[in-house]
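> Got a structure for you, questions after.
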Amino acid sequence: MADSHLKINKNTNEHNDFILWYKVPMRLKEVKGILNANGGMNISRGCTHGCIYCDSRSRCYHIEHDFEDVEIKSNAPELLEDALKRKRKKAWSRRDR
């Protein structure tokens with residue numbers, strides 16, 4: 001999929017019209033799952049900070065692109081909704097016993 005840019009709007013002050021825009025290089029990718037075995041979730045892979053000590057840069061995570069190019073899981077909202085539906089427990093009352 002073609003690279004694009006994500007604009008993140010950060011208001012610096014509610015009483016000020018000044019808005020900062022950051023451009024982050026990103027790739028969109030559809031994935032099969034959103035929650036890991038421990039129930040953790042990450043909607044992106046990669047990072048633009050460039051910290052040399054970062055464990056996430058390890059080859060063991062099988063990131064197929066430059067780590068600085070952030071990969072956004074484009075179907076994350078749908079996957080999360082589906083995963084949460086499957087994890088919900090049915091409520092019960094004293095009458096159900």
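The sequence shown begins at 1 in full-length UniProt numbering and counts up one residue at a time.
Cβ coordinates follow ideal geometry from the N, Cα and C atoms, glycine included.
A quick note: this is a predicted structure, and the numbers were derived from the prediction, not measured.
Using 8 Å as the threshold, is the segment 72-89 in touch with the segment 49-58, meaning 3 or more CB pairs across them?
In this structure the segment 72-89 does not touch the segment 49-58; the number of beta carbon pairs closer than 8 Å is below three.
> In the DSSP assignment, find the alpha helix (DSSP H) that holds LYS85 and state where it starts and stops.
76-87
> Should ASP69 and ARG27 be called a contact, given that it needs their Cβ atoms to be closer than 8 Å?
yes
> For a test of the three-state rule: what should DSSP assign to ARG94, helix, strand or coil?
helix
> My guess is that ILE43 and ALA76 are in contact by the Cβ rule of under 8 Å, so how many angstroms apart are they, rounded?
4 Å
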